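For the record, the sequence lines run as chains A and B. Using the working numbering, you'd call the opening residue of the first sequence number 82 and step up by one each time. Using the working numbering, you'd call the opening residue of the second sequence number 82 and step up by one each time. For glycine and all other residues, C-beta sits at the position ideal for the given N, C-alpha and C. These numbers were taken from a predicted model, which means no experiment stands behind them. Remarks on the structure that follows.
There are 2 protein chains.
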Amino acid sequence: MQTLESLQQQINRAFSELVFPAAPAELYEPIIYTMQLGGKRLRPLLALASCDMFDGNIEDAIHPAIGIELLHNFTLLHDDLMDQAPLRRGKETVYKKWNATIAILAGDTMFALSNRYMLRTRSEVIPPLLDLFNLTAVEVCEGQQYDMNFETLDDVSIAEYIHMIRLKTAVLLACSLKTGAIIAGAEINQAESLYNFGINVGIAFQLMDDLLDVYGSADKFGKVTGGDIVASKKTFLYLKALELSGIEAGTFKDIYLSHDLSPDQKITAVRSHFDKLGIRDLTLQEINRYWNTAVYTMKSLGLPEEKSHLLMTYCAGLMERDY
Amino acid sequence: MQTLESLQQQINRAFSELVFPAAPAELYEPIIYTMQLGGKRLRPLLALASCDMFDGNIEDAIHPAIGIELLHNFTLLHDDLMDQAPLRRGKETVYKKWNATIAILAGDTMFALSNRYMLRTRSEVIPPLLDLFNLTAVEVCEGQQYDMNFETLDDVSIAEYIHMIRLKTAVLLACSLKTGAIIAGAEINQAESLYNFGINVGIAFQLMDDLLDVYGSADKFGKVTGGDIVASKKTFLYLKALELSGIEAGTFKDIYLSHDLSPDQKITAVRSHFDKLGIRDLTLQEINRYWNTAVYTMKSLGLPEEKSHLLMTYCAGLMERDY
């Protein structure tokens with residue numbers, strides 16, 4: 082069994098050794114820039130840890146792990162353009178630093194490269210692996226579309242919201258885990274269970290993200306608290322509050338969707354309404370529900386405790402909770 | 082052996098049976114719209130004909146053939162956005178009919194779907210097939226980048242231009258042919274020769290496209306003659322003329338790159354300069370050179386004449402020439 086540190090070292094080494102062609106520079110410079118922005122490299126870690134859990138050879142999983150990170154960064158690059166986001170990880174986004182055309186083409190190239198990295202593993206596992214990978218890519222695109230639709234939709238149900246974050250966030254975490262399992266030669270039902278573990282972790286992770294935006298400290302979370310409120314983002318907290326607001330729903334909605342209030346005024350008003358309805362605890366309950374399902378799914382694999390320990394601890398850490 | 086008509090029928094049937102998900106409609110409607118614009122479906126035909134030439138099962142190649150067409154249409158969709166082209170096959174382009182965001186995301190989804198279609202064949206051939214496919218996708222992106230670079234570059238050599246059209250146009254034709262060969266189980270060197278055949282056909286095809294824009298009839302070619310001249314596109318004809326212009330090079334360049342003349346004036350002036358230098362014949366010679374290399378490469382396969390007849394006739398037809 083590998084340690085977290087050893088897996089992270091192998092990932093860091095692999096990324097530091099990544100080489101892209103020199104020409105055309107207009108195409109590869111933004112790709113190199115994007116990949117050097119770093120990030121947690123959570124998805125490669127999930128892939129390697131899952132491969133190790135099923136006694137696979139980490140060497141066989143390292144290139145697909147890079148492929149998954151390339152896919153993830155490609156989707157962020159195009160999302161930033163679509164959402165007109167100026168910053169990513171504290172640095173200018175590609176479309177801002179260069180232009181929209183460069184962002185489109187660099188992203189397309191990263192997607193093609195991601196598929197090429199997925200192929201650098203045992204040839205027997207390539208058909209299911211690539212099918213999973215490209216199905217996941219389709220789903221992530223669908224998730225982004227739903228997310229954009231929600232911005233202008235008047236009524237979004239909590240079920241629709243969960244469906245969206247499942248597609249936009251959870252499937253790629255689940256795909257990362259299943260990738261490691263497939264490469265390690267896990268049985269189909271085991272790989273599928275690990276996928277379901279990832280879906281539940283992913284949804285819980287996104288709900289925690291929603292919660293921390295309102296109730297987290299900026300220090301710990303790395304971004305200014307209340308950003309979703311200021312941007313009128315239809316998060317779980319907002320949708321749950323709307324559901325429970327009764328006759329106050331209309332007023333609350335007007336405040337939340339308004340762009341007339343100052344950020345501070347808006348955050349204060351919305352938080353006070355959330356507090357009154359106990360939204361913090363209700364969200365934590367929902368996170369718990371998904372996390373408990375994840376734990377149950379992992380246990381159903383019947384692996385010895387020491388095998389699943391690394392993944393369980395790591396995923397629990399993602400949600401800043403013990404299990 | 083199959084006939085051209087039989088292959089085309091199978092392609093048309095496969096495309097008419099294509100089904101995409103219904104939701105999210107914002108994502109799939111532009112994809113369905115794009116795929117229904119039709120086109121010659123040249124690349125699927127090349128894939129099936131090549132599979133048949135090596136005695137492969139056409140059924141094994143039909144889904145990858147769709148995958149190649151999806152990739153091709155995805156690149157056109159993103160190119161149209163990057164080039165701000167209002168029309169494609171006489172209809173509004175996706176970014177015009179919808180918007181840039183939809184065009185980006187629909188294109189991304191088509192690329193992911195194209196990989197999924199490539200996987201629907203014999204599993205033994207999937208690793209080399211998908212590697213070829215995604216390498217080709219990278220190269221097509223590089224070609225588009227060079228093409229855009231050339232718009233603002235002062236000096237483009239003929240060698241650089243050929244390199245660009247090789248990437249932007251020829252590699253996908255070559256990939257289509259090699260896809261059929263791989264699926265049919267052709268030997269590696271045979272598949273590679275067919276790839277080289279495709280590269281040479283592709284370059285000849287693009288040079289003919291350049292030529293017909295100036296010297297073709299609008300009826301036959303389906304687009305207004307002289308469009309490249311009006312748009313100051315650095316085609317083979319322009320670059321060859323510049324090379325041969327001697328002391329007139331500066332004046333000719335000024336006219337060609339100018340946007341002050343009326344289209345008719347500009348076309349007349351440029352054509353008269355081309356005529357003086359014999360550019361028409363020089364371009365035909367260059368096309369012949371690539372075509373002869375293609376014919377030689379096909380013959381080197383040592384297949385009976387009746388095996389290669391369909392592909393040779395079809396490719397010769399693409400260039401409106403006998404062989």
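Using three-state DSSP, classify Glu173/A as helix, strand or coil.
-> Working through the first sequence from its first residue, we reach residue 173/A at position 92. Three-state result, Glu173/A: strand.
Return no unless some Cβ of chain B is closer than 8 Å to the Cβ of Ser131/A.
-> Here the question's residue 131/A lines up with position 50 in the first sequence. Judged by the 8 Å Cβ criterion, Ser131/A is not in contact with chain B.
Coarse secondary structure for Leu126/B, derived from DSSP in three states = Taking the second sequence and counting its residues from 1, the one referred to as residue 126/B is at position 45. DSSP places Leu126/B in helix when its eight states are reduced to three.
Nearest-angstrom beta carbon gap, Ala128/A and Gly261/A [assumed within contact, 8 Å] = Along the first sequence, read from residue 1 onward, the residue named residue 261/A stands at position 180. Along the first sequence, read from residue 1 onward, the residue named residue 128/A stands at position 47. Their Cβ separation, rounded to whole angstroms, is 4 Å, which keeps Gly261/A and Ala128/A in contact under 8 Å.
Starting from the N-terminal side, write out each stretch of the alpha helix (DSSP H) that is 4 residues or longer and does not extend beyond the region 351 to 380 of chain A.
-> none
If you draw a straight line from the C-alpha of Phe434/A to the C-alpha of Glu107/A, how long is it?
-> Nothing in the structure corresponds to residue 434/A, since chain A is present only between 82 and 404.
With distances taken Cα to Cα, identify the nearest neighbour of Glu399/A among Phe333/A, Asn270/A, Lys121/A and Gly171/A.
-> The sequence position of residue 399/A within the first sequence is 318, counting from 1. A small fix is needed here, since residue 399/A is Leu in this sequence, not Glu. Looking at the Cα atoms, Lys121/A is the closest of the given residues.
Run through DSSP, which three-state label would Leu408/B get?
-> What the structure shows of chain B is the stretch from 82 to 404, and residue 408/B is not part of that stretch, so it cannot be assessed.
Taking the C-alpha atoms as reference points, what is the distance between Arg402/B and Leu365/B?
-> Here residue 402/B corresponds to residue number 321 of the second sequence, with the count starting at 1. Here residue 365/B corresponds to residue number 284 of the second sequence, with the count starting at 1. Note on Arg402/B: pLDDT 49, under 50, position unreliable in the model; no value is reported.
For Thr378/A, which residues from the same chain have a beta carbon less than 6 Å from its beta carbon, with the 5 sequence-adjacent residues on both sides left out?
-> Position 297 of the first sequence, counting from 1, holds the residue named residue 378/A. Within the same chain, Thr378/A has close Cβ partners Ser274, Asn277 and Phe278.
Endpoints, alpha helix (DSSP H) assigned at His244/B | Position 163 of the second sequence holds residue 244/B. Here the alpha helix (DSSP H) through His244/B covers Ile239 to Ile246.
Span separating the alpha-carbon of Thr374/B from that of Gly266/B = Walking along the second sequence from the start, residue 374/B turns up at place 293. Walking along the second sequence from the start, residue 266/B turns up at place 185. Taking the straight line from one Cα to the other gives about 24 Å.
So, is the C-beta of Ile185/B closer than 8 Å to a C-beta in chain A?
-> Taking the second sequence and counting its residues from 1, one reaches residue 185/B at position 104. Interface residue, yes.
Got a sec? Which residues, its chain only, sit under 7 Å from Ser195/B by beta carbon, not counting five neighbours each side?
-> To locate residue 195/B, count along the second sequence from 1; it is residue 114. If we look at Ser195/B and ignore the five residues flanking it on each side, its Cβ neighbours are Gly148, Leu151, Leu152 and Phe155.
Tell me where the alpha helix (DSSP H) around Pro209/A begins and ends.
-> Taking the first sequence and counting its residues from 1, one reaches residue 209/A at position 128. Ile207 to Thr233 is the span of the alpha helix (DSSP H), which, as asked, contains Pro209/A.
Looking only at its own chain, which residues have a Cβ that is under 6 Å from the Cβ of Phe231/B, when we skip the five neighbours before and after it?
-> On the second sequence, position 150 is the one that residue 231/B refers to. Same-chain partners within the cutoff: Val237 and Lys315.
Would you identify the three-state DSSP class for Leu168/B, choosing helix, strand or coil?
-> What you label residue 168/B is simply residue 87 of the second sequence in a count that begins at 1. Strand.
Nearest-angstrom Cα distance between Gly307/B and Ala166/B?
-> Counting from 1 along the second sequence, the entry for residue 307/B is found at position 226. Counting from 1 along the second sequence, the entry for residue 166/B is found at position 85. Answer to the nearest angstrom: the Cα atoms are 17 Å apart.
Phe355/B classed as buried or exposed, judged by whether at least 16 other C-beta atoms fall within 10 angstroms = Sequence index remark: in the second sequence, residue 355/B carries index 274 (1-based). So Phe355/B ends up on the buried side.
List the residues of chain A whose Cβ lies closer than 7 Å to the Cβ of Ala193/B, in chain order.
-> Along the second sequence, one-based indexing puts residue 193/B at 112. Ordered by position in chain A, the residues that pass the 7 Å Cβ test against Ala193/B are Asn215, Ala218, Val219 and Cys222.
Enclosing alpha helix (DSSP H) for Thr332/B [first to last residue] = As a working note, residue 332/B is residue 251 in the second sequence. Ala330 to Leu338 is the extent of the alpha helix (DSSP H) around Thr332/B.
Residues of chain A with CB under 8 Å from Gln225/B, in chain order?
-> For the purposes of this step, residue 225/B is taken as residue 144 along the second sequence, with counting starting at 1. Here the neighbours are Leu186.
Name the chain A residues whose beta carbon is nearer than 7 Å to that of Leu204/B?
-> Taking the second sequence and counting its residues from 1, the one referred to as residue 204/B is at position 123. Looking at the sequence itself, residue 204/B is Ser, so the reference to Leu does not match. Those are Pro208, listed as they occur along chain A.
Just checking, does the region 187 to 205 of chain A make contact with the region 166 to 176 of chain B on the three C-beta pairs under 8 Å criterion?
-> no
Alpha carbon to alpha carbon, what distance is there between Asp235/A and His340/A?
-> Taking the first residue of the first sequence as 1, we reach residue 340/A at position 259. Taking the first residue of the first sequence as 1, we reach residue 235/A at position 154. Roughly 16 Å between the two C-alpha positions.
Assuming Ile263/A contacts Pro344/A (C-beta within less than 8 Å), just tell me the rounded distance between them.
-> Within the first sequence, numbered from 1, the residue matching residue 263/A stands at position 182. Within the first sequence, numbered from 1, the residue matching residue 344/A stands at position 263. With a Cβ gap of about 46 Å, Ile263/A and Pro344/A do not count as contacting.
Do Glu324/A and Ile239/A have their CB atoms nearer than 8 Å?
-> Locating residue 324/A in the first sequence gives position 243, where the first residue counts as 1. Locating residue 239/A in the first sequence gives position 158, where the first residue counts as 1. Closer than 8 Å, so yes.
What are the start and end residues of the alpha helix (DSSP H) that includes Lys259/B?
-> Within the second sequence, the letter at position 178 stands for residue 259/B. Residues Val252 to Ala265.
Could you tell me whether any Cβ in chain B is nearer than 8 Å to the Cβ of Pro167/A?
-> Here residue 167/A refers to the residue found at position 86 when the first sequence is read from its first residue. Not closer than 8 Å to any Cβ of chain B, the Cβ of Pro167/A fails to qualify, so no.
Is there at least one Cβ from chain B nearer than 8 Å to Tyr114/A's Cβ?
-> As a first step, residue 114/A is located in the first sequence; it is residue number 33 there, counting from the start. It does not: the Cβ of Tyr114/A has no partner Cβ on chain B nearer than 8 Å.
Checking contacts by CB at 8 Å: is Leu253/A closer than that to chain B?
-> Taking the first sequence and counting its residues from 1, one reaches residue 253/A at position 172. Taking Cβ atoms only, chain B never reaches closer than 8 Å to Leu253/A, which makes this a no.
How close, in whole Å, do the beta carbons of His159/A and Ile185/B come, if the pair is a contact with beta carbons under 8 Å?
-> Mapped onto the first sequence, residue 159/A falls at position 78. Mapped onto the second sequence, residue 185/B falls at position 104. With a Cβ gap of about 6 Å, His159/A and Ile185/B count as contacting.
Any idea if Glu220/B is buried or exposed, counting beta-carbon neighbours within 10 angstroms, 16 or more meaning buried?
-> Looking up residue 220/B in the second sequence gives position 139. Glu220/B is buried by the Cβ-count criterion.
Looking at C-alpha atoms only, which residue of Leu88/B, Asn281/B, Val351/B and Ala218/B is the closest neighbour of Met191/A?
-> For this step, residue 191/A is matched to residue 110 along the first sequence. Among Leu88/B, Asn281/B, Val351/B and Ala218/B, the Cα nearest to that of Met191/A belongs to Ala218/B.
Which of helix, strand or coil does DSSP assign to Thr115/A?
-> Position 34 of the first sequence, counting from 1, holds the residue named residue 115/A. Helix at Thr115/A.
Ignore the nearest five residues each way along the sequence and tell me which others in His144/A's own chain have a CB closer than 7 Å to its CB.
-> Numbered from 1 along the first sequence, position 63 holds the residue referred to as residue 144/A. Result list for His144/A: Tyr198, Arg201 and Thr202, in chain order.
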